[in-house]
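Accompanying notes for the structure given below.
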Amino acid sequence: MRAFVLAATIAAALNGSAFARTYDEIMEEAEAAFVKEDYSAAGALLDEAQIKRPYSLFLTRNRILTRLLTGREEEALAIASAVAARGLVLQTPKHEAFDRLKALPSWRPIEARMEANAQPVGVAAVVAEYPEDGLLPEAISIRKGRHLIGSVRTGGVLRAAQTLSPVARLDGGVFDIEQDGRSVFAAVNNQLAFERRGEEPPFAAIVEIDARTGRELRRVRMPEADSLIGDIEIDRHGTLYASDSLQPRLFALGKADAAARILATDERWANLQGIALDEKHDRLFLADYLTGLYVVDLRNGAVRPIGNPSDAHLGGIDGLYFHDGDLIGVQNGVSPQRIVRIRLDKTGSLAERLDVLAGSLEGWAEPTHGVIVGGEFHYIATSNWPAYDDDGNVRGGADLAPLRIMSVSIRWR
Numbered sequence: 100m101r102a103f104v105l106a107a108t109i110a111a112a113l114n115g116s117a118f119a120r121t122y123d124e125i126m127e128e129a130e131a132a133f134v135k136e137d138y139s140a141a142g143a144l145l146d147e148a149q150i151k152r153p154y155s156l157f158l159t160r161n162r163i164l165t166r167l168l169t170g171r172e173e174e175a176l177a178i179a180s181a182v183a184a185r186g187l188v189l190q191t192p193k194h195e196a197f198d199r200l201k202a203l204p205s206w207r208p209i210e211a212r213m214e215a216n217a218q219p220v221g222v223a224a225v226v227a228e229y230p231e232d233g234l235l236p237e238a239i240s241i242r243k244g245r246h247l248i249g250s251v252r253t254g255g256v257l258r259a260a261q262t263l264s265p266v267a268r269l270d271g272g273v274f275d276i277e278q279d280g281r282s283v284f285a286a287v288n289n290q291l292a293f294e295r296r297g298e299e300p301p302f303a304a305i306v307e308i309d310a311r312t313g314r315e316l317r318r319v320r321m322p323e324a325d326s327l328i329g330d331i332e333i334d335r336h337g338t339l340y341a342s343d344s345l346q347p348r349l350f351a352l353g354k355a356d357a358a359a360r361i362l363a364t365d366e367r368w369a370n371l372q373g374i375a376l377d378e379k380h381d382r383l384f385l386a387d388y389l390t391g392l393y394v395v396d397l398r399n400g401a402v403r404p405i406g407n408p409s410d411a412h413l414g415g416i417d418g419l420y421f422h423d424g425d426l427i428g429v430q431n432g433v434s435p436q437r438i439v440r441i442r443l444d445k446t447g448s449l450a451e452r453l454d455v456l457a458g459s460l461e462g463w464a465e466p467t468h469g470v471i472v473g474g475e476f477h478y479i480a481t482s483n484w485p486a487y488d489d490d491g492n493v494r495g496g497a498d499l500a501p502l503r504i505m506s507v508s509i510r511w512r
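Numbered as in the working numbering, the sequence shown ends at 512 without a single skipped number.
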């Protein structure tokens, strides 16, 4: 039995009042049940939470644990088998219950499938490499021969040619960049691993600079301090769209606007990441790390989830790009990390299949964002995010890889 078929069954059984509870309320109860060692109750609550966060592997792992702690090994195996069927590997902490699971004969085919899933996919094609290893590069943009890189660590916007040269140094980490004519737009947050984090109150802003001189032309701060702009897109009219990861919502900022407006919110959103513009159909695709893919009608802000009839894992996607009717995703919130192509139906409302274009490649250190160049996807292969701790400091003994840009074909084979 597949874990998410089981989740759907649980969803049908829950009454309306259960859905009125927030995810945080459910998790608070689940934690209390764990403390009381009421693992049956904890398992039921985690099942409920998984419905709200279908792609949370943290929840999946702990749902398996509750089954093991209540003698329901077959259910635990079924959930783990569903993880393997989605091409993933289950990462488990040290615990005697997981040791018992892995000693079961029925675990062996699941383990074999996960070992196969962990094998490299594709070719490690390096487009460019630079010796700089302390940038924490998250953003990349290519337009009319101008290649730009954005640094979360330093706040730098850098031009990439034979070497890296500075364009601007901003007062927050650069999480994404877009180019429009002579302007460069940067998503700037003085949070997370930004090297001067804490020196000023936290902010999130869209900053426009001159591409040649680096001079700041415009700055628009988001209305709340607890925002984090993770991704931006610009349409042909100069309207900019931005995803907020902390207060999950979608902003729109017109060319002459002094403030951003909230275009869309949705109670299902938990942690927005990449956005991908489809101007022909006036829509924007969004990736939520924990709840999957959505499409927003730009004419009215209406939100629809992307259906998933193939039961692919649509979570953990950071960078998201629209190409030839499909979506290209950098799936760095799963194990193994991978670059995927998600084939959409003609209406753009269903994910009909997911193909892994590249995965677990030598030379990766958490890929993040990329850009489509003809029939190839060029992406930052070495963001080095895992080398930084929760306080934004480099972990002791961490190995920082140089900035490496890699490519993968996105043509159908």
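Ideal placement from N, C-alpha and C gives every residue a C-beta, glycine not left out. Owing to the predicted nature of the structure, the values given are computational and were not obtained by experimental measurement.
Local Cβ density within 10 Å of residue i, reported as buried at 16 or more and exposed below that
{"i": "His336", "result": "exposed"}
{"i": "Phe513", "result": "The structure shown does not extend to residue 513, since the chain spans only 100 to 512, so no value can be given for it."}
{"i": "His194", "result": "exposed"}
{"i": "Ser180", "result": "buried"}
{"i": "Arg199", "result": "exposed"}
{"i": "Lys151", "result": "buried"}
{"i": "Ser155", "result": "buried"}
{"i": "Thr108", "result": "Its pLDDT being 28, under 50, Thr108 is placed unreliably by the model, and nothing is read from it."}
{"i": "Glu71", "result": "This structure does not reach residue 71, given that the chain is present from 100 up to 512, and the question cannot be answered."}
{"i": "Gly432", "result": "buried"}
{"i": "Arg162", "result": "buried"}
{"i": "Ser53", "result": "Only positions 100 to 512 of the chain appear in the structure, and residue 53 is not among them; the question remains open."}
{"i": "Asp423", "result": "exposed"}
{"i": "Gly495", "result": "exposed"}
{"i": "Ala131", "result": "exposed"}
{"i": "Gly254", "result": "buried"}
{"i": "Thr324", "result": "According to the sequence provided, residue 324 is Ala. The question's Thr does not apply to it. With fewer than 16 other Cβ atoms within 10 Å, it is exposed."}
{"i": "Leu385", "result": "buried"}
{"i": "Ala202", "result": "exposed"}
{"i": "Val470", "result": "buried"}
Residue of the options minimising C-alpha distance to residue i
{"i": "Glu237", "options": "Gln372, Gly458, Asp396", "result": "Gln372"}
{"i": "Val429", "options": "Leu456, Ile405, Leu339", "result": "Leu456"}
{"i": "Val273", "options": "Ser482, Trp368, Asp489", "result": "Ser482"}
{"i": "Asp356", "options": "Pro300, Gly255, Thr338, Ala363", "result": "Thr338"}
{"i": "Leu187", "options": "Pro204, Gln218, Gly233", "result": "Gln218"}
{"i": "Gly271", "options": "Thr312, Ile239, Arg320", "result": "Arg320"}
{"i": "Val251", "options": "Asp330, Ile405, Val220, Glu214", "result": "Asp330"}
{"i": "Asp149", "options": "Ile209, Ile125, Pro208", "result": "The question names Asp, but residue 149 is Gln in the sequence shown. Among Ile209, Ile125, Pro208, the Cα nearest to that of Gln149 is on Ile125."}
{"i": "Arg120", "options": "Leu349, Pro208, Glu366, Arg268", "result": "Glu366"}
{"i": "Leu392", "options": "Phe284, Glu451, Arg360, Glu214", "result": "Glu451"}
{"i": "Leu499", "options": "Ala310, Ala132, Trp484", "result": "Trp484"}
{"i": "Asn216", "options": "Ala184, Arg207, Asp232", "result": "Ala184"}
{"i": "Ser517", "options": "Pro153, Leu164, Tyr122", "result": "Not covered by the structure: residue 517. The range shown for the chain is 100 to 512."}
{"i": "Glu136", "options": "Pro153, Leu168, Asp123, Tyr122", "result": "Leu168"}
{"i": "Ile276", "options": "Asp309, Ala359, Pro230, Ile441", "result": "Asp309"}
{"i": "Pro466", "options": "Gly418, Gly406, Tyr229, Ser508", "result": "Gly418"}
{"i": "Lys379", "options": "Leu413, Gly447, Val134, Lys354", "result": "Gly447"}
{"i": "Val402", "options": "Phe421, Ala363, Gly414", "result": "Ala363"}
{"i": "Ala358", "options": "Ile305, Pro404, Asp381, Thr312", "result": "Ile305"}
{"i": "Ser264", "options": "Ser282, Ala285, Glu231", "result": "Glu231"}
Residues near residue i by beta carbon distance below 7 Å, same chain, minus five either side
{"i": "Ala227", "result": "Ala259, Ile504"}
{"i": "Ala117", "result": "Because the pLDDT of Ala117 is 42, which lies under 50, any placement of that residue in the model is unreliable, and the number read from its coordinates should be weighed accordingly. So the list reads Glu147, once near-sequence residues are dropped."}
{"i": "Thr191", "result": "Arg160, Phe197"}
{"i": "Leu327", "result": "Asn288, Gln290, Ala303, Asp343, Ser344, Leu345"}
{"i": "Glu128", "result": "Leu144"}
{"i": "Arg242", "result": "Gln278"}
{"i": "Ala497", "result": "Ala486"}
{"i": "Gly233", "result": "Arg252, Leu499"}
{"i": "Asn370", "result": "Ser344, Pro347, Asp387, Tyr388, Leu389"}
{"i": "Trp368", "result": "Pro347, Asp387, Thr390"}
{"i": "Arg317", "result": "Glu307"}
Contacting residues, own chain, Cβ-Cβ under 6 Å from residue i (five flanking each side not counted)
{"i": "Val182", "result": "Leu189"}
{"i": "Arg510", "result": "Gly474"}
{"i": "His246", "result": "Ala259"}
{"i": "Gly458", "result": "Val220, Pro435, Arg437"}
{"i": "Leu113", "result": "Confidence is the limiting factor: at Leu113 the pLDDT is only 38, short of 50, which leaves the residue's position unreliable and the question unanswerable from this model."}
{"i": "Ala211", "result": "none"}
{"i": "Arg268", "result": "Gly254, Gly255"}
Residues near residue i in its chain [Cβ-Cβ closer than 8 Å; skip 5 each side]
{"i": "Arg166", "result": "Gly142, Glu172, Glu174, Ala175, Ile178"}
{"i": "Leu383", "result": "Glu332, Tyr340, Leu349, Ile374, Ala375, Leu376, Asp377, Val394, Val395, Leu397"}
{"i": "Pro408", "result": "Leu449, Ala450, Glu451"}
Check: residue i C-beta below 6 Å from any heavy atom of the ligand COA
{"i": "Asp356", "result": "Inclusion of the ligand COA in the displayed structure is not the case, the ligand content being empty and no account of it being possible."}
*Segments assigned alpha helix (DSSP H), at least 4 residues, entirely inside the stretch 200-269*: 206-216
*asked:* Quick test of the definition: if touching needs 3 or more C-beta pairs under 8 Å, does the stretch 447-462 touch the stretch 492-507?
replied: yes
*Mind listing, in chain order, the continuous beta strand (DSSP E) runs of no fewer than 3 residues lying wholly within the stretch 307-355?*
Those beta strand (DSSP E) runs which fall completely within the stretch 307-355 and span 3+ residues are 315-320, 328-333, 339-343, 348-352.
*Could you say if the stretch 469-478 and the stretch 490-497 meet the contact criterion of at least three C-beta pairs nearer than 8 Å?*
no
*Those runs of the beta strand (DSSP E) which lie wholly inside the stretch 138-171 and span at least 3 residues*: Within the stretch 138-171, no complete beta strand (DSSP E) run reaches 3 residues.
*Counting pairs of Cβ atoms below 8 Å between the stretch 437-456 and the stretch 416-428, do you hit three or more?*
yes
*Give, in chain order, every unbroken run of the alpha helix (DSSP H) that is at least 4 residues long and sits entirely within the stretch 360-412.*
Whole alpha helix (DSSP H) segments, 4+ residues: zero.
_Runs of beta strand (DSSP E) lying entirely within the stretch 419-462, each at least 3 residues, in chain order_ = 425-430, 437-443, 450-458
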